[in-house]
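Notes follow once the structure below has been shown.
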Amino acid sequence: MHLRHILRALGRHRIAVGLLVLEIAFSCAVVCNALFLIGTRLERMQRPTGVDEMHVVEVGVRSVTPGTPEATMAQTRTDLARLRALPGVSDAVVANPTLFGDSVSFSSVRLRDDAKAPSLPVAQYFGGAPLARTLGLKLASGRWFRPDEFVGYDALQNDTSAVPVIISRALARHLFPGQDAAGQTIYAFGTNRVVGVVDRLVQPMDYGAAGGYDYAMMFPVDLPYSRGTYLMRVDDPARRQAVIGQALQALKANGPLRLIAPRYATTLEAARAKYYRNDRAMAWLLVGVSLLLLLVTALGIVGLSSFWVGQRRRQIGIRRAIGASRADIRRYFQAENFLIATGGIALGMALAYGINLVLMRHYELGRLPGYYLPIGSVALWVLGQLAVLGPALRAAAVPPVVATRAA
Amino acid sequence: MLMYYLGLARRSLRRSPVLTGLMVLAISLGIGASMTMITVLHVMTDDPLPGRSAQLYTPHLDPLPLDYKRHEGSPDPADDLTWPDAMALLKAHRAVRQAAMSGGSLLLRPARADLHPIYVSGRYATAEFFPMFGVPFERGGGWSAADDATGSPVLVLADALARKLFGTSDAVGQTVRLGEHDFRVIGVTADWAPKPLFYADQTGTQYSDADLFFLPLSVAMDQKFPVSGNQSAWGKGRSPSLTSANMSWLQFWAQLDTPAQVAAYRQYLVDYSAQQKALGRFQRPPRNAKLYGLMGWLAHENLVPGDVDLQLWLALGFLFVCMLNIVALLLAKFLRRGGEISVRRALGARRRDIFVQFGIESALIGVAGGVLGLGIAQLGLWSIRQRPDDYARLAQMDLSMLLGTVVLAVLASVLAGLLPAWRACRVQPALQLKGG
Numbered sequence: 001m002h003l004r005h006i007l008r009a010l011g012r013h014r015i016a017v018g019l020l021v022l023e024i025a026f027s028c029a030v031v032c033n034a035l036f037l038i039g040t041r042l043e044r045m046q047r048p049t050g051v052d053e054m055h056v057v058e059v060g061v062r063s064v065t066p067g068t069p070e071a072t073m074a075q076t077r078t079d080l081a082r083l084r085a086l087p088g089v090s091d092a093v094v095a096n097p098t099l100f101g102d103s104v105s106f107s108s109v110r111l112r113d114d115a116k117a118p119s120l121p122v123a124q125y126f127g128g129a130p131l132a133r134t135l136g137l138k139l140a141s142g143r144w145f146r147p148d149e150f151v152g153y154d155a156l157q158n159d160t161s162a163v164p165v166i167i168s169r170a171l172a173r174h175l176f177p178g179q180d181a182a183g184q185t186i187y188a189f190g191t192n193r194v195v196g197v198v199d200r201l202v203q204p205m206d207y208g209a210a211g212g213y214d215y216a217m218m219f220p221v222d223l224p225y226s227r228g229t230y231l232m233r234v235d236d237p238a239r240r241q242a243v244i245g246q247a248l249q250a251l252k253a254n255g256p257l258r259l260i261a262p263r264y265a266t267t268l269e270a271a272r273a274k275y276y277r278n279d280r281a282m283a284w285l286l287v288g289v290s291l292l293l294l295l296v297t298a299l300g301i302v303g304l305s306s307f308w309v310g311q312r313r314r315q316i317g318i319r320r321a322i323g324a325s326r327a328d329i330r331r332y333f334q335a336e337n338f339l340i341a342t343g344g345i346a347l348g349m350a351l352a353y354g355i356n357l358v359l360m361r362h363y364e365l366g367r368l369p370g371y372y373l374p375i376g377s378v379a380l381w382v383l384g385q386l387a388v389l390g391p392a393l394r395a396a397a398v399p400p401v402v403a404t405r406a407a
Numbered sequence: 001m002l003m004y005y006l007g008l009a010r011r012s013l014r015r016s017p018v019l020t021g022l023m024v025l026a027i028s029l030g031i032g033a034s035m036t037m038i039t040v041l042h043v044m045t046d047d048p049l050p051g052r053s054a055q056l057y058t059p060h061l062d063p064l065p066l067d068y069k070r071h072e073g074s075p076d077p078a079d080d081l082t083w084p085d086a087m088a089l090l091k092a093h094r095a096v097r098q099a100a101m102s103g104g105s106l107l108l109r110p111a112r113a114d115l116h117p118i119y120v121s122g123r124y125a126t127a128e129f130f131p132m133f134g135v136p137f138e139r140g141g142g143w144s145a146a147d148d149a150t151g152s153p154v155l156v157l158a159d160a161l162a163r164k165l166f167g168t169s170d171a172v173g174q175t176v177r178l179g180e181h182d183f184r185v186i187g188v189t190a191d192w193a194p195k196p197l198f199y200a201d202q203t204g205t206q207y208s209d210a211d212l213f214f215l216p217l218s219v220a221m222d223q224k225f226p227v228s229g230n231q232s233a234w235g236k237g238r239s240p241s242l243t244s245a246n247m248s249w250l251q252f253w254a255q256l257d258t259p260a261q262v263a264a265y266r267q268y269l270v271d272y273s274a275q276q277k278a279l280g281r282f283q284r285p286p287r288n289a290k291l292y293g294l295m296g297w298l299a300h301e302n303l304v305p306g307d308v309d310l311q312l313w314l315a316l317g318f319l320f321v322c323m324l325n326i327v328a329l330l331l332a333k334f335l336r337r338g339g340e341i342s343v344r345r346a347l348g349a350r351r352r353d354i355f356v357q358f359g360i361e362s363a364l365i366g367v368a369g370g371v372l373g374l375g376i377a378q379l380g381l382w383s384i385r386q387r388p389d390d391y392a393r394l395a396q397m398d399l400s401m402l403l404g405t406v407v408l409a410v411l412a413s414v415l416a417g418l419l420p421a422w423r424a425c426r427v428q429p430a431l432q433l434k435g436g
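Chains as they are written, first to last, in full-length UniProt numbering: chain A, 1 to 407; chain B, 1 to 436.
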């Protein structure tokens, strides 16, 4: 079409056109980056833990009266027997820490028995024999702990202890690249032989360097309830709430006075939702701001196009009088908008990468993947065409007789 | 003249209500979003102890071995003090006032049968904590240095906990069982909870936490009460005790009233470090010892989460787009009135008059946008208060923020009107009049 004419006409409104191009460019850049941020949040929220989350519930019990360690341990065994006897519960165990909980503990892992050797802080889990079954962990190589390998909590603190350890596959690959980790030895609590590698096990909560989320290890420790949380495996996910209720009752009915309350009990599914609520809120906020930004940009296009239509009524009339069809007039405004939007998008791409570079430097964010750019440009082209449609139709409706009237 | 321009502006805005509405909406959305985030940032970086913060300092030593390697993302052990260092600084008493402290969570067994046992979090501190921070008391007061020395089982309660345990009756003189130990209540603080809880360990949630009790650090050590917060150990030995010289866990604050005292204290820290280095305990340069002012310490800790920062930039970017939008719309609007401008110019109006007239029109849009933006910002803050974040409950506008909103809106709209108004006053009257 007469792109040359359109360009020349735009040249007469350099400032207004420039502003519109800038606005579209900025919207495009911000929306591209916002979409990318939303994508990274969603990805983060969907990270698997290696745990069969839909079948696990947890009940925390805090001791109130101090007892001898032996008495607490005996009470723990009674509790576990009662929890396992609940209908629908296939396993129960005391573990520390819990996934998505508010605590995490690390041990420095070394490959040599030397305090000067390089070390890596690794998140650790302690738990009794049924822990792997309760969580539904999958073994990648090696074996689970044998019943005779479980020790008491105090034995672990002993420097000379030699408890075995099971590590996550990511940690195994990091520590022993290219070899089977099962059978190797690491130094965390004394000397620890790696007896097994699980497919996936993650930190209970994000802590430390981002790359270390799936570095974790488990030690065979029979914990008293005062040092951990009761975890139960529920066969039917629909029964989880009922099991929590029954577990609270069973624990209250037996044993000394303890802090047992619904607020210390949750399904792992609910714990995950709670853990990621900030990410979810942030993702929605970004969605909201992006939509508003597009809306404001569209309003700007509508406003400016309407003014141009009003301003050019006489010219439109003349063009109509000398033979232009309604469609020609409509297409003129659509083409004009397409040109402006294209200019904006081209500038926006460069700006999007600029913003991404700044974000990368300040917020541990990756490079903006290329496919966000076509998404952003199509969105703004479509938006521009939608916004200009109304003014363009109004322009097309200008009758040729306008040309004969004084402006 | 001003009234005349206001009248002109009102009439002009009324002539195109849709466009005016669009501009007001755009500026109010931009202002609303920006002010929401500016307010959040404002409350998060506010002075927790106005009037006192300038005299409060926290000393930091560097007892780490030379080959200690920090892990990315984990707290710096040198942010806290070890027990021997904290005790040495206390004993030297080089500041006007000083106190060592740490957080702790203890089981409280109420005497009243209708109350269940609860875990409460509070602070183990030394005597000068109260006068140094200017803690206000409803009843009674803090303890003395003698209580610290003898390890008296005394307790100061926050007013909220005192009311919960004893209702309206006087809590002072009552006995409270914490852990396995009886404490005598000697004071009840009036409503006092600095936001953020600057003196607490930085691993906690400092905007929502508050201390419910205070007791002598010496008693907590005697009773082996559990300590909350980060405990960083280094060197050999797996489970160092709290008194170990290789584990940092204590916070320390000092009151220094004059620049001379600050300089002297800084020198004292370097001297102390040099002395420890000579003794072979410290390995790093004595000049690593630092003295942070309260606000400087908060800046060092950088409590504002990255998300809040990001949201602020997002909001400001949004405001920028809204302003671009308004500039374009105003430009179109003003230039369309070339005829009107020309007539006024022909009748004797100077360029400056035209400029002022359009400036006032822009400002009027700004005022309307500011008022609407205030409502939008309140809505935004309300939604932030519903969020689970640590700082959510603090998201409230104070008077300065209220005024700031309107000022920002007017400023933004006048700024947006500058270019269009300048273009409008350059219109050549002769050309326009001939054409018209």
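Where is the CB? At the ideal position from N, CA and C, for every residue including glycine.
Inter-residue CB distance, residue i and residue j (contact presumed, cutoff 8 Å)
i                      : j                      : result
residue 440 of chain B : residue 190 of chain B : Here chain B has residues from 1 to 436 only, and residue 440 of chain B is not among them.
residue 48 of chain B  : residue 198 of chain B : 5 Å
residue 85 of chain B  : residue 117 of chain B : Between residue 117 of chain B and residue 85 of chain B the Cβ distance is about 36 Å, and since that is not below 8 Å, they are no contact.
residue 136 of chain A : residue 214 of chain A : Not really, about 17 Å apart at Cβ, beyond 8 Å.
residue 28 of chain A  : residue 352 of chain A : 7 Å
residue 122 of chain A : residue 171 of chain A : 6 Å
Other residues of its chain near residue i: CB distance less than 7 Å, five sequence neighbours each side excluded
i                      : result
residue 210 of chain A : 364
residue 182 of chain A : 141, 142, 194, 195, 196 and 197
residue 316 of chain B : 34
residue 407 of chain A : For residue 407 of chain A, the predicted structure reports a pLDDT of 49, less than 50, and the residue's modelled location is therefore unreliable. The matter cannot be settled from this model.
residue 53 of chain B  : 47, 294 and 295
residue 260 of chain A : 61, 248, 251 and 252
Range covered by the alpha helix (DSSP H) that runs through residue i
i                      : result
residue 148 of chain B : 145-150
residue 282 of chain A : 277-311
residue 324 of chain B : 306-336
residue 356 of chain A : 326-363
residue 167 of chain B : Segment: none, residue 167 of chain B is in no alpha helix (DSSP H) and carries neither H nor E.
residue 223 of chain B : Looking at the DSSP string, residue 223 of chain B is not in any alpha helix (DSSP H), and its letter there is neither H nor E.
Best match in the options for proximity to residue i [C-alpha to C-alpha]
i                      : options                       : result
residue 104 of chain B : B/260, B/97, B/123 and B/118  : B/123
residue 20 of chain A  : B/351, B/390 and B/327        : B/327
residue 267 of chain A : A/232, A/257, A/246 and A/254 : A/232
residue 242 of chain A : A/286, A/86 and A/188         : A/86
residue 429 of chain A : A/47, A/103, A/173 and A/32   : No information on residue 429 of chain A is available, as it lies outside the stretch 1 to 407 that chain A covers here.
residue 124 of chain A : A/81, A/324 and A/212         : A/212
Span of the beta strand (DSSP E) around residue i
i                      : result
residue 126 of chain A : 119-127
residue 189 of chain B : 181-189
Residues near residue i in its chain [Cβ-Cβ closer than 6 Å; skip 5 each side]
i                      : result
residue 114 of chain A : none
residue 387 of chain A : 298, 301 and 302
residue 343 of chain A : 21
residue 420 of chain B : 330, 331 and 334
Contact set for residue i: own chain, Cβ-Cβ below 8 Å, skip 5 residues either direction
i                      : result
residue 150 of chain A : 128, 129, 220, 221 and 222
residue 10 of chain A  : 17, 336, 339 and 340
Cβ of residue i within 8 Å of any chain E Cβ
i                      : result
residue 361 of chain B : The structure shown contains no chain E; its protein chains are A and B.
Contact set between the stretch 370-391 of chain B and chain A, restricted to residues whose Cβ is under 7 Å from the partner: 387, 388 and 389
If you measure beta-carbon to beta-carbon, which residues of the stretch 263-296 of chain A are closer than 7 Å to chain B? 277, 278, 281, 282, 285, 289, 292, 293 and 296
Interfacial residues, the stretch 302-327 of chain B to chain A, with Cβ spacing under 7 Å: 306, 307, 310, 311, 314, 317, 318, 320, 321, 322, 324, 325 and 327
Listed from N- to C-terminal order along the chain, which residues in the stretch 95-118 of chain B have their beta-carbon within a distance smaller than 9 Å of any beta-carbon of chain A? 107, 109, 116, 117 and 118
Any residues in the stretch 21-38 of chain B with a beta carbon nearer than 9 Å to a beta carbon of chain A? Which ones, in chain order? 22, 23, 25, 26, 29, 30 and 33
With 8 Å as the C-beta to C-beta threshold (strictly closer), list the residues of the stretch 174-187 of chain B near chain A in chain order. 180
Along the stretch 176-188 of chain A, what residues have a CB closer than 7 Å to any CB found in chain B? none
Give, in chain order, every residue of the stretch 187-220 of chain B whose Cβ lies closer than 7 Å to some Cβ of chain A. none
Relative to chain B, which residues along the stretch 26-47 of chain A have a C-beta separation below 7 Å, given in chain order? 26, 27 and 30
Could you please tell me which residues of the stretch 52-64 of chain A, in chain order, have their CB closer than 9 Å to any CB of chain B? 62, 63 and 64
Near-chain B residues of the stretch 66-93 of chain A (beta-carbon distance less than 8 Å), N- to C-terminal order: 66
Under 9 Å, CB to CB, which of the residues in the stretch 327-361 of chain B have a partner in chain A? 327, 328, 329, 331, 332, 333, 335 and 336
Check distances from the C-beta atoms of the stretch 274-292 of chain B to those of chain A and list, in chain order, the residues that come in under 7 Å. none
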